[in-house]
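Here the structure comes first, spelled out in structure tokens, and everything after it is commentary.
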Amino acid sequence: MKKLLAAVILLPASLCVFAQTKPKTAAIKPGIPASIARGKVVYTKNCLSCHFVDGGGVPNMNPPLVKTSYVLGDKTKLIKVVLNGFAQNVEIDGETYSNNMAPHNFLSDQEIADVLTYVRNSFGNKASAVKAAEVKVVRAANKK
């Protein structure tokens, strides 16, 4: 009888404790999807007016961001474009673009990494992410 009474008392108590225990969920990793989401915000604010919603740019003025060697290629070169802008004609995949691009060195390393990760993974592009540490290295080398 004492065992039955103990079971009747302990069972509801243990069920209450179990019910209040929250299951462990996997930590949300910032990763590429978060960088792309943040990058889209930076793109919309700083890049969209020249490169447009579809990344198509303007022929012979503002380069397209769609599957070009510039976007998909050397990350350091791309980072330098954002940091330094363009003040001369540039040839990209056989086409010349003449519109000046202002430097965007006012953006943080993380913002530049995010917007370039967005561009390199949007408009049909598939390329590796740009890390804030990579931008930091290029920015520091630019100052020398």
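If you're matching positions, the sequence shown starts at 15 in our numbering and goes up one per residue. Glycine residues also receive a C-beta, built at the ideal position from the N, C-alpha and C atoms. Please read all numbers here as calculations on a predicted model, not as lab measurements.
Which residues mark the beginning and the end of the beta strand (DSSP E) in which residue i is found?
| i | result |
| --- | --- |
| V104 | V104 to I106 |
Mapping DSSP to helix, strand and coil, what is residue i?
| i | result |
| --- | --- |
| A110 | Position check: residue 110 holds Thr in this sequence, whereas Ala was assumed. Strand at T110. |
| A146 | helix |
| N98 | helix |
| N156 | helix |
| V80 | coil |
| V151 | helix |
| V67 | coil |
Which whole-angstrom value is the C-beta distance of residue i and residue j, which I expect to be below 8 Å?
| i | j | result |
| --- | --- | --- |
| Y97 | N119 | Reading off the sequence shown, one finds Leu at residue 97, where the question assumed Tyr. Indeed they touch by this definition, with Cβ atoms about 5 Å apart. |
| V85 | N139 | 6 Å |
| F137 | L79 | 6 Å |
| A127 | S49 | 7 Å |
| P77 | G99 | Actually they are not in contact, since the Cβ atoms of P77 and G99 sit about 12 Å apart, beyond 8 Å. |
| A101 | N114 | 5 Å |
| K89 | E148 | 6 Å |
Can you tell me where the alpha helix (DSSP H) holding residue i begins and where it ends?
| i | result |
| --- | --- |
| H118 | Unbroken run through H118: none, as it is neither H nor E. |
| S83 | S83 to L86 |
| G138 | Looking at the DSSP string, G138 is not in any alpha helix (DSSP H), and its letter there is neither H nor E. |
| G45 | G45 to N60 |
Taking 8 Å as the threshold, find out whether the stretch 118-137 comes into contact with the stretch 49-64 through three or more Cβ pairs.
-> Taking one beta carbon from each stretch, the stretch 118-137 and the stretch 49-64 have 3 or more pairs nearer than 8 Å; the two touch.
Would you be able to state if there are at least three C-beta pairs under 8 Å between the stretch 60-79 and the stretch 93-111?
-> Output reads yes: the stretch 60-79 touches the stretch 93-111.
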